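The structure under discussion appears below in the form of structure tokens.
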Amino acid sequence: MNRKRWTALAIAAALFIISVLVNAVGILLSDKSETWSKNWLSLMEDSFSEEVIEDGDPLKKIVVLEVNGVIEDTGEAETFFSSSFYNHQAFLKMIKQVKEDDSVKAIVLRINSPGGGVVESAEVHNQLLKLKKETKKPIYVSMGAMAASGGYYIATAGDKLFASPETITGSIGVIMQSINYEGLAKKYGVELVTIKSGPYKDIMNPARKMTDAEQEILQRLINQSYEGFVDVIVEGRKLSEEAVRKLADGRIYDGRQAKALQLIDEFGYLDDTIAALKKEHRLSGAQVVKYVSDTPWSSLFGVISNNAKPETEASELIRLLSRPSSPRLMYLFSE
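Read in order, the letters of the sequence shown correspond to residues 1 to 335 in my numbering.
In structure tokens, the structure reads:
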């Protein structure tokens with residue numbers, strides 16, 4: 001590492017140690033040691049600072065909220081160790097911070113995502129709608145290289161959608177996937193023993209073929225989630241249900257096709273989206289910021305991760321196999 005990175009690491013480590021000591025002393029003096037874990041988690045997760053993108057009036061701000069990667073709540077402490085990928089709980093807290101900050105006058109939702117979980121996408125969409133309803137703050141959407149499936153789902157909460165002609169969007173639909181290794185298991189003499197309380201407890205068991213009854217059960221779930229997707233597009237884009245169903249067959253569209261189908265409003269990149277928001281909502285001279293994690297861990301592990309060696313294929317395989325693989329409903333474009 002160069003001198004600048006070592007300096008950043010030293011400062012981050014010092015701040016971390018100081019913050020731990022201050023919190024520990026405070027807890028001991030106030031005799032509230034039972035709240036230690038809550039205070040610690042609050043210190044680690046709840047704080048966001050503002051990184052200025054464009055200088056301007058700090059009492060009249062536009063906040064850029066970034067959705068990068070798969071919209072999924074993994075349950076891992078990603079806030080501590082990474083800032084480059086989507087973290088569901090942290091993003092919801094950013095929405096809350098935008099809602100409560102009176103100096104924030106508008107939001108740009110910057111999306112670069114293939115989609116993600118049905119539940120997480122719906123939760124983000126719902127919170128964005130609440131933000132607009134309760135604060136009247138406009139939300140403009142800037143699509144990056146991709147805003148597909150769940151990425152497009154949350155985009156429909158925006159007042160105006162911008163994309164480049166090359167942006168990949170669409171993929172409107174629901175998917176649930178698993179594997180069937182029954183033939184492979186038989187070839188090598190591997191037998192999966194299952195003891196269950198009911199006939200459908202091991203639905204989508206990868207060691208056997210799915211029954212017609214099981215497929216019907218899952219198809220009903222898929223259809224219900226699909227109906228929800230259609231509804232948010234009808235409401236968000238002011239299109240007829242018939243028109244939405246014709247284009248919502250799972251296919252992807254580029255920006256040109258999306259504009260012709262009224263899935264987006266204008267061509268433009270992030271700068272164009274910000275400029276339009278300023279012009280159309282009398283926000284000339286507004287300061288443009290984005291939220292970044294403001295904890296000692298974010299700086300400390302940011303420096304470490306930037307200099308860490310990439311994972312080997314073996315370690316990546318172990319990581320994937322160690323994670324739960326239960327099938328789930330997804331608004332996801334899967335290449």
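No residue lacks a Cβ here, since even glycine has one placed at the ideal position from N, Cα and C.
Note that this is a predicted model, so its numbers are computed, not measured.
Tell me which same chain residues have a C-beta within less than 7 Å of the C-beta of residue i, skipping the five on either side of it?
i, result
"Val-244", "Val-230, Ile-233 and Val-234"
"Gly-69", "Phe-85, Tyr-86 and Ser-113"
"Met-94", "Phe-48, Leu-65 and Tyr-291"
"Lys-99", "Leu-131, Glu-134 and Thr-135"
"Ser-164", "Gly-255, Phe-267 and Tyr-269"
"Pro-206", "Ser-178, Ile-179, Asn-180 and Tyr-181"
Per DSSP, what kind of secondary structure is residue i in: helix, strand or coil?
i, result
"Ile-166", "Position check: residue 166 holds Glu in this sequence, whereas Ile was assumed. Coil at Glu-166, not helix or strand."
"Leu-161", "strand"
"Ala-155", "helix"
"Met-176", "coil"
"Phe-333", "coil"
"Asp-272", "helix"
"Tyr-181", "coil"
"Lys-290", "strand"
"Ala-258", "helix"
"Phe-229", "helix"
"Asn-68", "strand"
"Ala-106", "strand"
"Ala-90", "helix"
"Gly-236", "helix"
"Pro-327", "coil"
"Leu-283", "coil"
"Ile-53", "strand"
"Ile-252", "strand"
"Gly-115", "strand"
"Ile-264", "coil"
Can residue i and residue j be called in contact, C-beta distance under 7 Å?
i, j, result
"Ala-258", "Ile-264", "yes"
"Lys-133", "Leu-283", "no"
"Ala-260", "Gly-56", "no"
"Gly-173", "Gly-250", "yes"
"Val-289", "Glu-66", "no"
"Tyr-291", "Phe-48", "yes"
"Met-176", "Leu-332", "no"
"Ile-107", "Ala-147", "no"
"Arg-208", "Glu-241", "no"
"Ile-203", "Glu-214", "yes"
"Ser-149", "Ser-171", "yes"
Once the 5 residues before and after residue i are set aside, which same chain residues still bring their CB inside 6 Å of it?
i, result
"Tyr-152", "Thr-169"
"Thr-167", "Met-143 and Gly-255"
"Glu-266", "Phe-162"
"Val-124", "Ile-154"
"Trp-40", "Note on Trp-40: pLDDT 45, under 50, position unreliable in the model; no value is reported."
"His-88", "Asp-73 and Glu-120"
"Glu-54", "Val-288"
"Gly-236", "Thr-156"
How would you call residue i, buried or exposed, if buried means at least 16 neighbouring beta carbons within 10 angstroms?
i, result
"Val-118", "buried"
"Val-193", "exposed"
"Glu-72", "buried"
"Glu-227", "exposed"
"Ile-274", "buried"
"Thr-156", "buried"
"Ser-121", "buried"
"Tyr-140", "buried"
"Gly-116", "buried"
"Val-303", "In this prediction, Val-303 has a pLDDT of 47, which is less than 50 and means its spatial position is unreliable; nothing more can be read from the coordinates."
"Arg-220", "exposed"
"Ile-179", "exposed"
"Lys-278", "buried"
"Val-190", "exposed"
"Ile-195", "exposed"
"Lys-187", "exposed"
"Val-52", "exposed"
"Leu-184", "exposed"
"Leu-59", "exposed"
"Lys-61", "buried"
Between which residues of its own chain and residue i is the CB-CB distance below 8 Å, once the five residues before and five after are set aside?
i, result
"Ile-217", "Tyr-200 and Ile-203"
"Ala-276", "Tyr-140, Lys-160, Phe-162, Glu-266 and Gly-268"
"His-281", "Lys-105, Ala-106 and Pro-138"
"Ser-334", "Pro-114, Ile-175 and Gln-177"
"Leu-239", "Ile-233 and Gln-262"
Is it the case that the CB of residue i approaches a heavy atom of the ligand NAD more closely than 6 Å?
i, result
"Gln-177", "Because no ligand of any kind appears in the structure shown, any question about the ligand NAD cannot be addressed here."
Segments of 3+ residues assigned as beta strand (DSSP E) that fall wholly inside the segment 189-214: none
Whole runs of the alpha helix (DSSP H) within the segment 118-158, excluding any shorter than 4 residues: With a minimum length of 4 residues, the continuous alpha helix (DSSP H) runs that stay inside the segment 118-158 are 118-135 and 150-155.
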